[in-house]
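To start, the structure itself, in C-alpha cells.
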Amino acid sequence: MKPDKRRKTIVGNWKMHTTAAEARHLAGGVVDGVGNSDPVTVILCPPFPYLALVGEILKGSRVALGAQNMYPEKEGAFTGEVSPTMLLDLGCRYVILGHSERRHKLGESDAFINQKVRFALACGLDIILCVGETLEQRKANQTEALLDRQLNLGLADVPGAALPHISIAYEPVWAIGTGKTATPEQAEETHQFIRHQLVKMFSMAAAERVRIQYGGSVKPENAAALLAQHDVDGALIGGASLNAGQFLAIVRAGISEPQTKRKSA
Ligand code: 13P
252 MKPDKRRKTI VGNWKMHTTA AEARHLAGGV VDGVGNSDPV TVILCPPFPY
302 LALVGEILKG SRVALGAQNM YPEKEGAFTG EVSPTMLLDL GCRYVILGHS
352 ERRHKLGESD AFINQKVRFA LACGLDIILC VGETLEQRKA NQTEALLDRQ
402 LNLGLADVPG AALPHISIAY EPVWAIGTGK TATPEQAEET HQFIRHQLVK
452 MFSMAAAERV RIQYGGSVKP ENAAALLAQH DVDGALIGGA SLNAGQFLAI
502 VRAGISEPQT KRKSA
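Here it is in C-alpha cells:
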C-alpha cells in the first residue's frame, strides 16, 4: 500500500523562460484551471525575477511557489546570488536543487549541492533534489553507481527527520528537453532503486514516504503511463509546463491514474 502522505506532486520548472507578461498569463491559466480539491500537489517554479509577481497570482490558490535554485547563505557579499531567506520572504515553499543543467552547465558539485540541501532545509524550505545519469553513463551501466553517489553525497549529513521535506526528482539527462522519455518500466525500475538506496541511508518507514518524481520530456501523452507506476510519485516538467493547457493535462493525469502494484523486486 502506498502511504497516504505520498501525494502525487506535479512541478513546473519554467527554467529561463517567459517574460513578465507571459509569466502572469501562464500562472493565471494554471490557477484558473487547477480546481480546488484535486488530490495532487501543484508547484510552479518561475525564474527569480518573476517569483514575486507569480507569488501574488498564486496567493489564495492551491498552487505553491518554488524557486529553481538558491545560494547557501542567509545574506552577504555574494553578487548575483539569491538566499533562502529571500525565497521564503517571497512566499516560496520549495526549491529545486542539483538540477542537471546546474550540474553540467554551471559545474555544481555534489558537495556544493549538499551544502545547499542542508542550508535550505535548515531555513525551512522543502527541497526537490534532482539526480540522473547521462546517456554515456547509462550505456556504460553506470546509472546505479551514479545515482548512489548523487544521493549519498547530496544527502550527506541530512537527518532522517528532514525527509518529509525532501523529494527526489529522477531526471535522466538524456531525456531532458530531447523528446526522449524513459519508458514507464525504466522509470519505475530506477525509482525503486532510488527508494532502495534511501532505505539503506535512512529507514524503510522514512524512505517509503519520500516522493520520487520523474522528469524528462513529460507530456500529456506520456504522463498517465508514467504516473501510474507504483514508485513514480509525480513529475518535474520543463517544456510542457510553459503551456497551461499541457501542464494542466499532466496534473489531471496525476489525479486520475490508478497506481499499479509494485512488481516484486
Ligand atoms: P523537459 O520537460 O523540457 O524535458 O525538462 C525536464 C526538466 O529538466 C525539468 O526540470
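Numbered by my numbering, the letters in the sequence shown go through residues 252 to 516 in order.
Built from N, CA and C at the ideal position, the CB exists for glycine as well.
Given the structure is predicted, the values throughout are model-derived calculations rather than measurements.
(request) Please go through the same chain and pick out, in chain order, the residues whose beta-carbon is closer than 6 Å to the beta-carbon of Ala504, but skip the five residues on each side of it. (result) Residue mapping note: residue 504 aligns to position 253 of the sequence shown, counting from 1. Ala474, Ala475, Leu478, listed in sequence order.
(message) On the CB-based measure, 16 or more other CB atoms within 10 Å of its CB, does Thr432 come out buried or exposed?
(response) The sequence position of residue 432 within the sequence shown is 181, counting from 1. Its Cβ being crowded by 16 or more others within 10 Å, Thr432 is buried.
(request) Starting from the C-beta of Leu316, find all residues in its chain whose C-beta is less than 6 Å away, skip the five residues before and the five after it, and write them out in chain order. (result) To locate residue 316, count along the sequence shown from 1; it is residue 65. Correct list, in chain order: Gly306, Leu309, Gly342, Cys343.
(request) Could you spell out the range, first to last residue, of the beta strand (DSSP E) harbouring Thr260? (result) For this step, residue 260 is matched to residue 9 along the sequence shown. That run of the beta strand (DSSP E) goes 259 to 264.
(request) Report whether the distance from the Cβ of Ile427 to the nearest heavy atom of the ligand 13P is below 7 Å. (result) For the purposes of this step, residue 427 is identified with residue 176 of the sequence shown, where counting begins at 1. Yes; taking the cut-off as 7 Å, the Cβ of Ile427 has a heavy atom of the ligand 13P nearer than that.
(request) Along the beta strand (DSSP E) that carries Ser418, what are the first and last residues, could you check? (result) Reading the sequence shown from its first residue, position 167 is the one you call residue 418. Taken as a continuous stretch (DSSP letters only), the beta strand (DSSP E) holding Ser418 covers 417 to 421.
(message) With three or more C-beta pairs closer than 8 Å as the rule, is the segment 420 to 431 touching the segment 400 to 407?
(response) no
(request) Give every residue of the same chain whose Cβ lies closer than 8 Å to the Cβ of Ala500, excluding the five residues on either side of it in the sequence, and list them in chain order. (result) Within the sequence shown, residue 500 is the residue found at index 249, counting from 1. Once the five neighbours on either side are set aside, the close Cβ partners of Ala500 are Pro471, Ala474.
(message) Measuring only from the beta carbon, is Gly467 closer than 7 Å to any heavy atom that is part of the ligand 13P?
(response) For this step, residue 467 is matched to residue 216 along the sequence shown. Yes, the Cβ of Gly467 comes within 7 Å of a heavy atom of the ligand 13P.
(request) Could you tell me if the beta carbon of Ile364 falls within a distance shorter than 7 Å of some heavy atom in the ligand 13P? (result) The residue given as residue 364 occupies position 113 in the sequence shown. No, the ligand 13P has no heavy atom inside 7 Å of this Cβ.
(request) List the residues that DSSP assigns as beta-bridge partners of Ile501. (result) Taking the sequence shown and counting its residues from 1, the one referred to as residue 501 is at position 250. Answer by DSSP bridge pairing: none, since Ile501 is not bridged.
(message) Comparing C-alpha positions only, which one of Ala413, Ser454, Met452, Val469 sits nearest to Ala438?
(response) Position 187 of the sequence shown, counted from the first residue, corresponds to residue 438. For Ala438, the nearest C-alpha among the options comes from Val469.
(message) Would Trp265 and Ser492 be called neighbours here (beta carbons separated by less than 8 Å)?
(response) In the sequence shown, residue 265 corresponds to position 14, counting from 1. In the sequence shown, residue 492 corresponds to position 241, counting from 1. Taking 8 Å as the Cβ cut-off, Trp265 and Ser492 qualify as a contacting pair.
(request) For Ile488, name the three-state secondary structure that DSSP assigns. (result) Along the sequence shown, read from residue 1 onward, the residue named residue 488 stands at position 237. Here Ile488 sits in strand by DSSP.
(request) Kindly indicate which residue of Asp340, Asp399, Asn320 has the alpha-carbon position closest to the one of Gln366. (result) For this step, residue 366 is matched to residue 115 along the sequence shown. When only C-alpha atoms are compared, the closest one is Asn320.
(message) What does the Cβ neighbour count give for Lys259, buried or exposed, with the cut at 16 atoms within 10 Å?
(response) Counting from 1 along the sequence shown, the entry for residue 259 is found at position 8. Classification of Lys259: buried, given that the 10 Å Cβ count is 16 or more.
(message) Contact between the segment 377 to 385 and the segment 446 to 458 is defined here as three or more beta-carbon pairs at a separation below 8 Å; is this criterion met?
(response) no
(request) Let me know the secondary structure DSSP gives Tyr301 once reduced to three states. (result) To locate residue 301, count along the sequence shown from 1; it is residue 50. Correct three-state label for Tyr301: helix.
(message) Tell me the rounded alpha-carbon separation between Ala457 and Pro415.
(response) Within the sequence shown, residue 457 is the residue found at index 206, counting from 1. Within the sequence shown, residue 415 is the residue found at index 164, counting from 1. Cα to Cα, the separation comes out at about 8 Å.
(request) Please name the residue, chosen from Pro423, Cys296, Ala373, that lies closest to Lys390 on a Cα-to-Cα basis. (result) One-based indexing of the sequence shown puts residue 390 at position 139. Ranking the options by Cα distance to Lys390, first place goes to Pro423.
(message) Can you look up Leu201 in the DSSP assignment and give me helix, strand or coil?
(response) For the chain, the structure presents residues 252 to 516; residue 201 sits outside this window and is missing.
(request) May I ask you to report which of helix, strand or coil DSSP gives Gln443? (result) Reading the sequence shown from its first residue, position 192 is the one you call residue 443. Helix, per DSSP.
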